[in-house]
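Student: When we follow full-length UniProt numbering, the leftmost residue of the sequence shown carries the number 1, and every step to the right adds one. C-beta atoms are modelled at their ideal positions from N, C-alpha and C, and glycine is treated no differently.
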Amino acid sequence: MVKIMRAFLWQGTDDVQGGKCLVAWNAVQRPLELGGLGVPNITLFSQALRLRWSWHALTQPDSISSQFPVVLDKNTLAFFRASVKIELGNGTQIKFWTDPWIDGHSIQELAPNLVQAVSKIIRKRRNVAEALHNRSWLRDVTGARTFQVIAEYITIRQLVDTVQLHQAPDRFSWRWSTDGMFSSSSAYKAFFTGQIAIPGAKELWKTRAPNKCRFFFWTLLHGRCWTAARLYRHGLRDNNICALCSQEAEDIDHLFLSCVYSREFWFKILRRCGWQLLTPMAQDCLVDWWLHNRKRIPKPRRRCFDSITILITWTLWLERNGRVFRNEQRRPATVLNWFWQELRLWKRAKLVDWSLLFPGE
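Next comes the structure, spelled out in structure tokens:
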């Protein structure tokens, strides 16, 4: 399944070679706001679906669904236990040895050596109410009484002896939803918690532009565009000279920002919009320049600036490819005219608000 999805994304066929895949598949499967394309991670998604049965087993132990065997790897099981908040009531639904019922921690976590001295069957079956009755949990420890086991036993006994049960039933809540109820979608999203987003990812997918243009700009955010410098680095080209200026190495920042041809192109367009002071300099980085300067634009016009940025990079890329693959070197005025024609098409598609982009027109 993953092989088919990769081939469809990168080449539109049933099979694809590794060289065609610009971005690692793990990165593609990340959520949009983190820098991916939101393509489901089948492994994580299946684990999130299986967690529903674990939730039913915890909250509805007498239901038929809770009787189904669930196979989870250690990391997913640990994630589930850490994601469930337990409020101790009568203790009949909480597993004494394995559930995190002591200030959000489980005995298995606090005293791993002690738990190893308890049989697996007892660990799975013993609830808190049974364990606390006449301190029957002490008789569950049947393994060797090593120094570590005895030390952990003393610690756990001090914690357990202060516990008081109540008449109310035990309560469980899911940390990753506002209502405390489990959902597979919230579990799937939580798998990505703590990952660092690539700069510009969140802003990109809020920008109004054709999907093919946003997808192209997404590859720029990842630094995975096949420029001359990258082709040269991989031994696929005999030089790394920029196709637009024929002066310097053609990497992403040079081609789309610092090239003399590109900077003149930016200036002519930004000047008409009243943003000529934002014209990029030779030392600027594309992503940093975009994210920094969009904040200098008033919010009502910021979305227009984002769309213009994507269209300019797309236009420069098409011109570069025309020179490289078709030996077509159009005059700058012709390229600029094509840009304005394309922008008018975006206007007709309601991707650009003309009154905000050109307030005086």
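Give me the Cα-Cα distance between Trp289 and Ala190, rounded to the nearest whole angstrom.
Tutor: Spanning the two alpha carbons is a distance of roughly 32 Å.
Student: For Leu88, collect the residues of the same chain with a Cβ closer than 8 Å to its Cβ; drop the 5 residues on either side in sequence, then sort them by chain order.
Tutor: Excluding positions up to five away in sequence, the list reads Ile94, Trp101, Val128, Val163, Leu165, His166 and Asp170.
Student: For Thr13, I'd like the list of residues in its chain whose CB is within less than 6 Å of its CB, leaving aside the five on either flank, ordered along the chain.
Tutor: These residues qualify, in order along the chain: Ala7.
Student: So the beta strand (DSSP E) Val84 belongs to, where does it begin and stop?
Tutor: First-last of the beta strand (DSSP E) with Val84: Val84 to Glu87.
Student: Per DSSP, His105 is paired with what?
Tutor: Looking at the DSSP assignment, His105 forms a beta bridge with Ile102.
Student: Determine which residues share a DSSP beta bridge with Ala249 and list them.
Tutor: DSSP output for Ala249 lists Ile241 as bridge partner(s).
Student: Can you say whether Glu152 is buried or exposed, counting buried as having 16 or more other CB atoms within 10 angstroms of its CB?
Tutor: It counts as buried.
Student: Where does Arg171 fall in DSSP's three states?
Tutor: Three-state DSSP puts Arg171 in a strand.
Student: Is it the case that the Cβ atoms of Leu356 and Cys304 are separated by a distance below 8 Å?
Tutor: Contact flag set, yes.
Student: Could you work out which residue in Arg208, Ala228, Glu250 and Val352 is closest to Cys273 when comparing CA atoms only?
Tutor: Ranking Arg208, Ala228, Glu250 and Val352 by Cα distance to Cys273 puts Val352 first.
Student: Do Ala201 and Gly38 count as a contact pair if the criterion is CB distance below 8 Å?
Tutor: Cβ distance not < 8 Å, so Gly38 and Ala201 don't count as in contact.
Student: Could you compute how far the alpha carbon of Cys242 sits from the alpha carbon of Gln283?
Tutor: Their backbone Cα atoms lie some 16 Å apart in a straight line.
Student: Inspect the beta-carbon positions of Leu316 and Phe265 and report whether they are closer than 8 Å.
Tutor: Taking 8 Å as the Cβ cut-off, Leu316 and Phe265 qualify as a contacting pair.
Student: Report yes if the C-beta of Gly322 is less than 7 Å from at least one heavy atom of the ligand ADP; otherwise report no.
Tutor: In terms of ligand content, the structure shown is empty, and the ligand ADP therefore cannot be addressed.
Student: Compare the C-alpha of Leu221 against each of Cys213, Lys212 and Pro199 and name the closest.
Tutor: Of the listed residues, the one whose Cα sits closest to Leu221 is Pro199.
Student: Rounding to the nearest angstrom, what Cα-Cα distance links Gln339 and Trp346 in this structure?
Tutor: Looking at the sequence shown, residue 339 is not Gln but Phe. Phe339 and Trp346: Cα-Cα distance of roughly 11 Å.
Student: Return helix, strand or coil for Lys95, following the three-state DSSP convention.
Tutor: Note: Lys95 maps to strand in three-state DSSP.
Student: From the DSSP output, which residues share a beta bridge with Val141?
Tutor: For Val141, which the question treats as bridged, DSSP gives the partners Val118.
Student: Smallest Cα separation from residue 363: which of Leu51, Ala57 and Ser63?
Tutor: With the chain covering only 1 through 361, there is no way to say anything about residue 363.
Student: Per DSSP, what are the beta-bridge partners of Asn127 in this structure?
Tutor: The partner list for Asn127 (beta bridge, DSSP) reads Lys95.
Student: Which residue wins for smallest C-alpha separation from His56, given the options Ser184, Thr313, Leu255 and Ala111?
Tutor: Minimum Cα distance to His56 is reached at Ser184.
Student: Of all the options Trp205, Glu342 and Asp103, which has the alpha carbon lying nearest to the alpha carbon of Leu311?
Tutor: Closest by alpha carbon: Glu342.
Student: Between the Cα of residue 411 and those of Ala111, Trp314, Phe147 and Gly180, spot the shortest distance and give me the residue it belongs to.
Tutor: The first residue shown for the chain is 1 and the last is 361, placing residue 411 beyond what the model contains.
Student: Starting from Asn26, follow the alpha helix (DSSP H) in both directions and report where the run begins and ends.
Tutor: Note, Asn26: alpha helix (DSSP H), Trp25 to Val28.
Student: Give, in chain order, every unbroken run of the alpha helix (DSSP H) that is at least 4 residues long and sits entirely within the segment 291-320.
Tutor: Those alpha helix (DSSP H) runs which fall completely within the segment 291-320 and span 4+ residues do not exist here.
Student: Is Glu328 helix, strand or coil when you go by DSSP?
Tutor: Three-state result, Glu328: coil.
Student: Could you tell me which of Ala228, Arg237 and Arg330 sits nearest to Glu248, measuring between CA atoms?
Tutor: For the residues Ala228, Arg237 and Arg330, the minimum Cα distance to Glu248 belongs to Ala228.
Student: For Leu231, which residues of its own chain have a beta-carbon under 6 Å away from its beta-carbon, when the five flanking residues on both sides are left out?
Tutor: For Leu231, where only same-chain residues beyond five positions count, the Cβ hits under 6 Å are Arg237.
Student: Determine the direct distance from the alpha carbon of Trp226 to that of Thr178, and round the result to whole angstroms.
Tutor: Cα to Cα, the separation comes out at about 44 Å.
Student: Could you tell me the alpha carbon to alpha carbon distance between Gln116 and Leu204, rounded to whole angstroms?
Tutor: Cα-Cα distance, rounded: 51 Å.
Student: The alpha helix (DSSP H) that contains residue 392, what's its start and end?
Tutor: Outside the displayed span of the chain (1 to 361) sits residue 392, for which this structure offers no information.
Student: Out of Asp15, Asp251 and Ser173, point me to the one whose CA is closest to Thr59's CA.
Tutor: With distances taken between Cα atoms, Thr59 lies closest to Ser173.
Student: For Phe325, count neighbouring C-beta atoms within 10 Å of its own C-beta (all shown protein chains included) and say buried if the count is 16 or more, exposed if not.
Tutor: Counting Cβ neighbours within 10 Å, Phe325 comes out exposed, since fewer than 16 surround it.
Student: Return helix, strand or coil for Cys285, following the three-state DSSP convention.
Tutor: Here Cys285 sits in coil by DSSP.
Student: My guess is that Val141 and Val118 are in contact by the Cβ rule of under 8 Å, so how many angstroms apart are they, rounded?
Tutor: The pair is a contact, with the Cβ atoms about 6 Å apart (cut-off 8 Å).
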